[in-house]
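Residue numbers (our numbering), protein chains in the order written: chain A, 222 to 547; chain B, 10 to 353.
Please read the structure below before turning to the comments.
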Ligand SMILES: Cc1ncc(C[n+]2csc(CCOP(=O)(O)OP(=O)(O)O)c2C)c(N)n1
Ligand SMILES: [Mg+2]
């Protein structure tokens, strides 16, 4: 079937709608998902279409949104729970880490947790320190959980559908500034992308850029600029922080011998640290330069636009980092 | 200072017409209570010998609550509790052998040796586990109840918790959600007077924890039902209270029940118990649930002592066999270590 350009938001909505139509056990719960239509309008119209049983508004109770979704999943439903933004996931951390990710192991496989927790990430919108985190990497620390970080409409759709059909708990992290992004998406109700597979978003032979979401947007811009100077960057979109698929990164690195990791997270203990360590392990003999990291500055994000942008990664910072390794 | 259990059990609180448990049933409850007591005593010994590791929280003193409450459930109902879970697991029918093997960390344990004392579950028996994070299982209970309602099944979730867990946010969020969504849950607070070393009145604005139900109930009668504060040392009273609560939860709304009981041992092994006096503890030994129930049975059924003695002896034997089974079981393997992190 033909691919149609749709927005990241439409991709999410249609993925949810199709999976709810396909499987009665799939339902949505969270703050403002029903009457309001979703804080980011992803579930607009769902209440009318599916009714209150399957589109469940909750009180402002992150601990029980995540925890009750775990219980419902253990019992055999397939909840898609929504945490309004990832900033509020800190309140639900215990339910996500100690319960969603652990009950299967702890009880020796007696329980499965077919759960998706959708949430939005990202700064750069002048929301101040508490509302501007991009902390998805924290959640990728824990075995038992998957962490999805789609960066295009195409990926958002195929990954969300696959997450809903998978029997493991997935923290599905959407980027709040990418909802209007468009890309062609197959018009196929069974369009699924594999869990834990990264994707080469641009071919190149001079440097490997490893990134996801906002970093992907900026890296694509940076790569076009670099190309004008004859530097061809290969861009690998991780798409998942767990399972983390670095095989294509190693392959690319063995060709380029240089790597820059770009992300919106904070600079310490971040995705770049993990990628760099694994490149050391796997590609030591191919290294021509240290792996460089481009991330947010090591400070809380401020309100003022001028200095907020200063603290975040940018195409300019990526170009500079690439030039340092070449 | 001293603690007294001030129960206000309202008999006939609902409209339940409940079959009176017969002699056979009562003897079975007695058997369960004794089995739990012997299991716990043996665990304590084995812990001292270094054969059981980790945290070990004993249920000694609380047997009437666990046995009475679980007895009120049917096979389609569900049970979930905190880490003080041995008694609940045994009452729900988990084989003492597999429970003991879990204490030993053996692969024949109910949780394959990967859960330990705090994490006993048996999916077949709808025993959803013990949970080590205070209050962490309360939202899970709401979620399990949501599944019952969503699938239009018959059944309730019995969610047991300690008095201390009523002070964590989970309690508020889970009980409130159960009221908003009208979920079939019987919330049962096992008020054993302390959360570790902190007495109830030092941790809760409401000394009568049952009053928390009012926060989730409305004047028109909708929302959470405030159930009774029941004498948790009386297995019959607990059974009656939870039977009524179960009936209400199936037909109308979630219910909160408080059971007043007492933990006769330390919070966990190696608790110096500086927060209470020996006299206080001793005052509860005489009125302990097993002593009381035994007296009741002896008064009610002439000549039952011999049967009770046989039950006592059989319980000891069952525990001996459980320990033997656990000792002779294999340790988990490397394969066990790495399995069940994900569904493959
Ligand atoms: C969230 C959390 N905080 C603290 C602890 C440590 N802790 C374990 S048991 C306990 C006391 C709980 O008391 P209560 O709920 O009354 O249960 P009881 O031990 O009396 O059965 C505490 C503070 C924990 N396990 N989880
Ligand atoms: Mg207590």
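Ideal Cβ placement from N, Cα and C applies to all residues, glycine included.
Rounded to the nearest whole angstrom, the CA to CA distance from residue 411(A) to residue 382(A) is 8 angstroms.
Residues of the stretch 262 to 274 of chain A with a C-beta less than 9 angstroms from any C-beta of chain B: 274, listed in chain order.
Interface residue (Cβ-Cβ distance to chain A less than 7 angstroms): residue 123(B) is classified as such. Scanning chain B for C-beta atoms nearer than 8 angstroms to the C-beta of residue 474(A) yields nothing, as the closest lies near 27 angstroms away. With respect to the C-alpha of residue 286(B), the residue from 275(B), 54(B), 335(B) having the closest C-alpha is 275(B). By the criterion of a C-beta distance shorter than 6 angstroms, residue 182(B) is surrounded by no residue of its chain, once the five residues flanking it on both sides are discounted. Within its own chain, the residues whose Cβ lies closer than 6 angstroms to the Cβ of residue 264(B), once the five positions on either side in sequence are excluded, are 195, 234, 236, 254, 257, 258, listed in chain order.
In this chain, residue 308(A) is not harboured by any alpha helix (DSSP H), its DSSP state being neither H nor E. Between the alpha carbons of residue 137(B) and residue 131(B) lies a gap of roughly 6 angstroms. Looking at the DSSP output, residue 200(B) sits in a beta bridge with 269(B). One thing to note: residue 524(A) has its Cβ no nearer than 7 angstroms to the Cβ of residue 343(A).
Membership of residue 235(B) in any alpha helix (DSSP H) is not indicated; the residue belongs instead to the beta strand (DSSP E) covering 234 to 240. From the listed residues 347(B), 309(B), 248(B), 348(B), the smallest Cα separation to residue 83(B) is found for 248(B). Membership of residue 501(A) in the alpha helix (DSSP H) is indicated by the continuous run 492 to 504. Residue range 403 to 407 is occupied by the beta strand (DSSP E) that includes residue 403(A). If you check each beta-carbon in the stretch 464 to 498 of chain A against every beta-carbon of chain B, none falls closer than 7 angstroms. With contacts defined by Cβ atoms closer than 7 angstroms, residue 482(A) and residue 442(A) do not form a contacting pair.
Only those residues of the stretch 175 to 197 of chain B whose C-beta falls short of 7 angstroms from the nearest C-beta of chain A are listed: 178, 179, 182, 183, 185, 186, 189. Any Cβ of chain A closer than 7 angstroms to the Cβ of residue 173(B) would place that residue at the interface, and such an atom is absent. Residues with their Cβ less than 6 angstroms from any non-hydrogen atom of ligand 2, running along the chain, are 171(B), 172(B), 173(B), 201(B), 203(B), 204(B).
The Cβ of residue 315(A) sits closer than 7 angstroms to at least one Cβ of chain B. Remark: C-beta atoms of residue 353(A) and residue 487(A) do not approach each other more closely than 7 angstroms. Residue 69(B) has its CB no nearer than 6 angstroms to any heavy atom of ligand 1.
In terms of Cβ geometry, residue 546(A) and residue 462(A) do not form a close pair [threshold 7 angstroms]. One thing to note: residue 384(A) has its Cβ no nearer than 7 angstroms to the Cβ of residue 324(A).
Counting the other CB atoms within 10 Å of its CB gives residue 343(B) a total below 16, which places it among the exposed residues.
Taking the Cα positions, residue 232(B) is about 26 angstroms away from residue 301(A). At a cut-off of 7 angstroms between C-beta atoms, residue 278(A) does not count as an interface residue with respect to chain B. If you draw a straight line from the Cα of residue 274(A) to the Cα of residue 148(B), it is about 18 angstroms long. Residue-level contact by beta carbon fails for residue 375(A) and chain B, as no gap is shorter than 7 angstroms. Listed by position along chain B, the residues whose Cβ is nearer than 8 angstroms to that of residue 388(A) are 352. Relative to residue 113(B), the option among 352(B), 345(B), 332(B), 346(B) whose CA is nearest is 332(B).
With a cut-off of 6 angstroms, the C-beta of residue 285(B) is classified as distant from ligand 1, since no heavy atom of the ligand falls inside that distance.
Taken atom to atom, the span from the alpha-carbon of residue 346(B) to that of residue 364(A) is near 13 angstroms. Exclusion of residue 97(B) from the 6 angstroms shell around ligand 1 follows from its C-beta lying no nearer than that to any non-hydrogen atom of the ligand.
For residue 453(A) against residue 540(A), the beta-carbon gap comes to about 13 angstroms, at or over 8 angstroms, which does not count as contact.
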